[in-house]
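All remarks here apply to the structure that follows.
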Amino acid sequence: MPIANCFVRSDIGPIDVDRVVEVWSVVSGVADEEMTVNVVRGEQGGKRYAATASLTLPSLWSGDDVERLATGLSQALADATGAAADSILVITTLIPSGSVVEAGHLVHW
């Protein structure tokens, strides 16, 4: 259940979200049917990034898996935006068991 909520600056060209999922899946080694990517465009002030992402993961992932998912998402966003890796920011949050409701049911892992 990796979920990425991505913000892309409005001056960046069109993003193929399915391509982001495809590249992210290949780089991280996680099946694409388990991933969700949401992309929102808008204005950005202060320190500017081509894209920023909030990556939400269940706490059951190992440290190595978390690293692969975060760096893989960064690579996928750089690929999709045509931006350099240093203009992509990914912030990861681990969610504990019992903190997710899916299909109306509390999920435990």
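Just remember that this note's numbering sits 18 ahead of the position in the sequence shown, which is counted from 1.
Note that the Cβ used here is the ideal one computed from N, Cα and C, for glycine as well.
Small disclaimer: the values here were computed from a predicted structure and weren't measured.
Per DSSP, the continuous beta strand (DSSP E) segment holding glycine 60 begins and ends at 54-60. If you check the CB distance, leucine 87 and threonine 111 do not come in under 9 Å. Across the structure, valine 108 and histidine 126 are spaced so that their CA atoms are roughly 25 Å apart. Serine 28 counts as exposed, since fewer than 16 other beta carbons sit within 10 angstroms of its beta carbon. According to the DSSP assignment, serine 43 belongs to the alpha helix (DSSP H) that extends over 35-46. Burial is judged here by how many other beta carbons sit within 10 angstroms of a residue's own beta carbon; glycine 90 has at least 16 and is buried.
Between isoleucine 33 and alanine 98 a beta carbon distance of about 5 Å is seen, short of the 8 Å cut, so the two are scored as contacting.
The C-alpha of glycine 122 is placed about 32 Å away from the C-alpha of alanine 69. With fewer than 16 other Cβ atoms from the protein chains shown falling within 10 Å of its own Cβ, valine 44 counts as exposed. Shown here, leucine 73 sits in a strand according to DSSP, grouped into three states.
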